[in-house]
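Note sheet for the following structure.
Residue numbers (the numbering used here): 1011 to 1268.
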């Protein structure tokens, strides 16, 4: 696929999708948001893709935020539409993506960039990463899920402090907070993400998709996560992967999941 603001590489069932707007430190504009949606929609249907790694091009930034120049003159209706559409086609879409999405945070992940990373299923970061939600310093609030996902990951108090102060935290602090799972050197970041992707791919893709749905159900208003889990657990018994996994265990061999 041809993109103006993204780089996509698929190798060994791993799709690496990099935001590539170097002159803007990979900041998100409407065109990039639409391209991200197009890319993920394409990857969802690719049988040869089992894990997606989301990162930024270069070493300076994962995504340094939203492209402020694009929406500085927006009115209330336009601002509401910006947040609603972005959440629908990218941030919620990634959070509920049936294939694992790992955010590899290289450099700055600010505003919409941190929100993009938080939409992924989990995060790894380079030692030089800086993360924050600086929107209140612009007279606005996070609009791509930041006020919802950050408290889920780091707790209400820490989230309130980060949002109210508009400050940045480093990679070590982010790991201490539980915002990222692992921290490594910039040169080893993608290697680490790929290593984790290969570990994931040892397991059933069907089961992983069901687990993603069940975990997310706990955060959906009006949804009983336990009921979602029970239903998904039961449905697993009717899959080829369950038959293969249990037989492999009983016969003391590695499973061969399709």
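Ideal placement from N, C-alpha and C gives every residue a C-beta, glycine not left out. Computed from a predicted structure; not experimentally measured.
Query: Alpha carbon of residue 1042 to alpha carbon of residue 1148, nearest angstrom; Result: 22 Å
Query: Residue 1231 to residue 1091 span [Cα, whole Å]; Result: 22 Å
Query: Neighbour-count burial assignment, residue 1167, 16 or more Cβ in a 10 Å radius; Result: exposed
Query: Between the CA atoms of residue 1251 and residue 1034 - distance to the nearest angstrom; Result: 44 Å
Query: Per-residue burial, residue 1165 [other beta carbons within 10 Å of its own, 16 or more giving buried]; Result: exposed
Query: Start-to-end residues for the beta strand (DSSP E) that takes in residue 1017; Result: 1016-1021
Query: Check whether residue 1170 and residue 1142 have beta carbons under 7 Å apart; Result: no
Query: Cα-Cα separation between residue 1194 and residue 1127, rounded to whole angstroms; Result: 16 Å
Query: Collapsed DSSP secondary structure at residue 1172 in the structure displayed; Result: helix
Query: Beta-carbon contacts of residue 1153 that lie in its chain and below 6 Å, excluding the five residues immediately before and after; Result: 1093
Query: Local conformation of residue 1033 per DSSP, three classes; Result: helix
Query: Start-to-end residues for the alpha helix (DSSP H) that takes in residue 1215; Result: 1215-1227
Query: Residue 1122 versus 1113, 1077, 1237, residue with shortest Cα-Cα distance; Result: 1077
Query: Residue 1142, enclosing beta strand (DSSP E) - first and last residue; Result: 1140-1142
Query: C-alpha distance - residue 1186 paired with residue 1117, whole-angstrom precision; Result: 18 Å
Query: Nonlocal neighbours in the same chain, by C-beta distance under 8 Å from residue 1191, ignoring five residues either side; Result: 1132, 1133, 1134, 1185
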